[in-house]
Amino acid sequence: MDHDEHGLGQLIEQSDDIQADAMRASRASLHEVVEVGRERRARGEIDQEEVEEFSTRRSAALRQGLAGAGAAVGLGAAILALSQTSAFAAAPGDVQILQTAAAIENLAVATYGVALTLPFIGGASANPVVKTFVTKTRQQHIEHAAAFNASIRALGGKPQTKPDPVLLQVVDKAKPTLTNPAKVVDLAITLENGAAETYVKDAGVLKDLNAKDLTASIMGVEAQHVAILLAVRALLAGGLGADITLPPPIAKLPAAAGSVGFPNAFYSTTAARPATEGAVR
Amino acid sequence: MTYPENADTRDDAGRGVDRGGAPDMAISESELRSLTNDMVDAHHDTFPQMRASIAEWEELEGESTRRALSRRGFLATAGAMIAGGVALAALPAAAATRPGGALAAARAGLPAMGSDVPLDVVVAGLAASLENLAVATYGAALKAASAHKLGPVPAAIGNFATVAMAQHKDHAAAWNSVLVSAKYKPITASNPLYASIVDKDFAKVADVAGVAELALTLEGVAAATYLEAIKALSTPAAVAIAASIQPVEMQHVAVLNFVLGRYPVPLAFGSLSGAAPVSAAHGLDFVKS
Numbered sequence: 001m002d003h004d005e006h007g008l009g010q011l012i013e014q015s016d017d018i019q020a021d022a023m024r025a026s027r028a029s030l031h032e033v034v035e036v037g038r039e040r041r042a043r044g045e046i047d048q049e050e051v052e053e054f055s056t057r058r059s060a061a062l063r064q065g066l067a068g069a070g071a072a073v074g075l076g077a078a079i080l081a082l083s084q085t086s087a088f089a090a091a092p093g094d095v096q097i098l099q100t101a102a103a104i105e106n107l108a109v110a111t112y113g114v115a116l117t118l119p120f121i122g123g124a125s126a127n128p129v130v131k132t133f134v135t136k137t138r139q140q141h142i143e144h145a146a147a148f149n150a151s152i153r154a155l156g157g158k159p160q161t162k163p164d165p166v167l168l169q170v171v172d173k174a175k176p177t178l179t180n181p182a183k184v185v186d187l188a189i190t191l192e193n194g195a196a197e198t199y200v201k202d203a204g205v206l207k208d209l210n211a212k213d214l215t216a217s218i219m220g221v222e223a224q225h226v227a228i229l230l231a232v233r234a235l236l237a238g239g240l241g242a243d244i245t246l247p248p249p250i251a252k253l254p255a256a257a258g259s260v261g262f263p264n265a266f267y268s269t270t271a272a273r274p275a276t277e278g279a280v281r
Numbered sequence: 001m002t003y004p005e006n007a008d009t010r011d012d013a014g015r016g017v018d019r020g021g022a023p024d025m026a027i028s029e030s031e032l033r034s035l036t037n038d039m040v041d042a043h044h045d046t047f048p049q050m051r052a053s054i055a056e057w058e059e060l061e062g063e064s065t066r067r068a069l070s071r072r073g074f075l076a077t078a079g080a081m082i083a084g085g086v087a088l089a090a091l092p093a094a095a096a097t098r099p100g101g102a103l104a105a106a107r108a109g110l111p112a113m114g115s116d117v118p119l120d121v122v123v124a125g126l127a128a129s130l131e132n133l134a135v136a137t138y139g140a141a142l143k144a145a146s147a148h149k150l151g152p153v154p155a156a157i158g159n160f161a162t163v164a165m166a167q168h169k170d171h172a173a174a175w176n177s178v179l180v181s182a183k184y185k186p187i188t189a190s191n192p193l194y195a196s197i198v199d200k201d202f203a204k205v206a207d208v209a210g211v212a213e214l215a216l217t218l219e220g221v222a223a224a225t226y227l228e229a230i231k232a233l234s235t236p237a238a239v240a241i242a243a244s245i246q247p248v249e250m251q252h253v254a255v256l257n258f259v260l261g262r263y264p265v266p267l268a269f270g271s272l273s274g275a276a277p278v279s280a281a282h283g284l285d286f287v288k289s
């Protein structure tokens, strides 16, 4: 196998440094969003339409806010009360969506963990690039789960530590069939694409800016996982498994390999998981 | 930078056509085509969703986008961190470095375009102009490849550029449909600020790796810009469009990273680094139709 593991390790180390920087920037950005939201609401800078929409769609949260503010309060005071809670922009819907996202991530972590116990993924006979990808991707899903659960906590919800129950059945059913790399890659594509499509949909639904920002920052990464997995699957199917190297032998690869990873101009949401599928019961 | 004459790079079935110049490798090509065709067909299934989103925009435009100027500023924190090539890195710092912060900067950017232009419309125009630039850049690269100005061009690279260009063309069309629905004329030009810089960078490109580096920077700018836009846009339809495009730009980034011999998915979270500042919409003509 034409592969420089030392070089790959250095590349990953560099990317980890960048990752740490990105995480710091992300945290700062999310903190800023929270602060801006608090300030706006404290100043009453919310227009009537937004308030009405908020009230209609998030009646449970509003009732909670009214209760906290006292019996006879106006709408402005209710909003002010909401702004003073950690879940000022939150609503049960957002928490459930985030719990489902965390559940999807938990399942991905577990599934990649199982994959790494297979000799052709995590063992001596594994392609080093594939092994590295699975290891690194699992770690990224761990970080996603932690981030979603942190967001859930910030909104006053209960963290989700269990896997998505419906997708878990898919994984359990597939486990006995995971007899070669291609089948593992197929399963991974199913999970990664399901995650990406779910988050694309969530990004348009979430009300809390912090949660929306976080989800949007993860959806593209899952789509990147899909892209690489699609390319790997195509190369395996074409009998070109030996060409899965970093850097790839680009001059040798078929033309289609250049675009197999991004088949759609717009990311679909048809495989998005239902918002409450992974919510804490 | 101008559009290539053969910018329409899809065959009658709507599939990407390789015009990259280098001959395809016969082995495994049919299998790969077979595997990809189903997914390419699926691409066309996503268009009805786009149309529905745009129709929704039309209904909401009159109310939601008018509220845009009271929202938190667009493209607040990332403009100062523009990454990529040396010339692109020289782009002006955006809101984060300006007195008064993000909101002031976003507002300050708007009057020159007309204070009555809703922020969502400005964002749609900015996005269209960046997509136009991507189309033009890939088109110029393919032309240069055909003219043997880039040395040997692997078939996979030619195919990447061809399909990515077609997707950016679709993205531009989606944003322009938004503008048309909001009663503005489409933005058909490349973003003038970025185009002037990309033109200079492109003039220095001598091989495929150079093109890939430039493309990586452009794709990164687009992905980061959409990530910012998702939280700044107010119209649900516009948010949905940005959310459906951002992952595709990220996929382009992953493949380019891989081609360049770098780990393809280095970050667990999408970065805002390189996001276009709202001031990059200066010079665009927001004309009511």
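These protein sequence lines are chains A and B, in that order.
Using our numbering, you'd call the opening residue of the first sequence number 1 and step up by one each time.
Using our numbering, you'd call the opening residue of the second sequence number 1 and step up by one each time.
Think of the CB as a built atom: it goes at the ideal place given N, C-alpha and C, for glycine as much as any other residue.
Can you look up residue i in the DSSP assignment and give me helix, strand or coil?
{"i": "residue 162(A)", "result": "coil"}
{"i": "residue 288(B)", "result": "strand"}
{"i": "residue 194(B)", "result": "helix"}
{"i": "residue 168(A)", "result": "helix"}
{"i": "residue 116(B)", "result": "coil"}
{"i": "residue 266(B)", "result": "coil"}
{"i": "residue 177(B)", "result": "helix"}
{"i": "residue 279(B)", "result": "helix"}
{"i": "residue 163(B)", "result": "helix"}
{"i": "residue 274(B)", "result": "coil"}
{"i": "residue 269(A)", "result": "coil"}
{"i": "residue 35(A)", "result": "Here residue 35(A) scores only 43 on pLDDT, less than 50, and its place in the model should not be relied on; the value that follows carries that caveat. Three-state DSSP puts residue 35(A) in a helix."}
{"i": "residue 176(A)", "result": "helix"}
{"i": "residue 258(A)", "result": "helix"}
{"i": "residue 158(B)", "result": "helix"}
{"i": "residue 203(B)", "result": "helix"}
{"i": "residue 93(B)", "result": "With a pLDDT of only 32 at residue 93(B), under the threshold of 50, the placement of this residue in the model should not be trusted, and no figure is reported."}
At 9 Å on the CB atoms, spell out the chain B contacts of residue i, in chain order.
{"i": "residue 277(A)", "result": "Those do not exist, as residue 277(A) stays about 19 Å from chain B at its closest Cβ, beyond 9 Å."}
{"i": "residue 143(A)", "result": "268, 269"}
{"i": "residue 218(A)", "result": "268, 269, 270"}
{"i": "residue 189(A)", "result": "Neighbours of residue 189(A) on chain B: none; closest Cβ ~11 Å, over 9 Å."}
{"i": "residue 140(A)", "result": "265, 267, 268, 269"}
What are the boundary residues of the alpha helix (DSSP H) that residue i is part of?
{"i": "residue 133(A)", "result": "128 to 154"}
{"i": "residue 247(B)", "result": "236 to 259"}
{"i": "residue 142(B)", "result": "119 to 146"}
{"i": "residue 200(A)", "result": "181 to 203"}
{"i": "residue 208(B)", "result": "208 to 232"}
{"i": "residue 120(A)", "result": "119 to 122"}
{"i": "residue 114(A)", "result": "92 to 116"}
From the DSSP secondary-structure annotation, give me the bridge partner or partners of residue i.
{"i": "residue 169(B)", "result": "According to DSSP, residue 169(B) bridges with nothing at all."}
{"i": "residue 184(B)", "result": "288(B)"}
Note down, in chain order, every chain B residue with its Cβ under 8 Å from the Cβ of residue i.
{"i": "residue 261(A)", "result": "251, 254, 255"}
{"i": "residue 221(A)", "result": "250, 265, 267, 268, 269, 270"}
{"i": "residue 251(A)", "result": "152, 154"}
Since residue i meets chain A, which of its residues come closer than 7 Å, beta carbon to beta carbon?
{"i": "residue 159(B)", "result": "255, 256, 258, 259"}
{"i": "residue 261(B)", "result": "246, 247"}
{"i": "residue 244(B)", "result": "200, 266, 267"}
{"i": "residue 171(B)", "result": "265"}
{"i": "residue 236(B)", "result": "204"}
{"i": "residue 286(B)", "result": "Under the 7 Å cutoff, chain A gives no residues; its nearest Cβ is about 24 Å from residue 286(B)."}
{"i": "residue 123(B)", "result": "Under the 7 Å cutoff, chain A gives no residues; its nearest Cβ is about 14 Å from residue 123(B)."}
Which bits of chain A does residue i rub up against, with CB to CB less than 9 Å?
{"i": "residue 146(B)", "result": "In chain order: nothing, as chain A lies at least about 15 Å away."}
{"i": "residue 344(B)", "result": "Examination of residue 344(B) is not possible in this model, given that chain B is present from 1 through 289 alone."}
{"i": "residue 211(B)", "result": "Ordered by position in chain A, no residue passes the 9 Å Cβ test against residue 211(B), which lies about 13 Å from the chain."}
{"i": "residue 227(B)", "result": "213, 216, 217, 220"}
{"i": "residue 178(B)", "result": "Within 9 Å Cβ-Cβ: nothing; residue 178(B) doesn't reach chain A, min ~13 Å."}
{"i": "residue 277(B)", "result": "Going along chain A, no residue has its Cβ under 9 Å from residue 277(B), so there is no contact; the nearest lies around 15 Å."}
{"i": "residue 118(B)", "result": "Per Cβ cutoff of 9 Å: no residues; residue 118(B) is ~14 Å from chain A at best."}
So residue i contacts chain A; which residues on that side make the cut at Cβ distance below 8 Å?
{"i": "residue 223(B)", "result": "220"}
Residues of chain B with CB under 7 Å from residue i, in chain order?
{"i": "residue 227(A)", "result": "251, 254, 255"}
*Within the segment 208 to 252 of chain A, note down every full beta strand (DSSP E) run reaching 3 residues or more, in order along the chain.*
none
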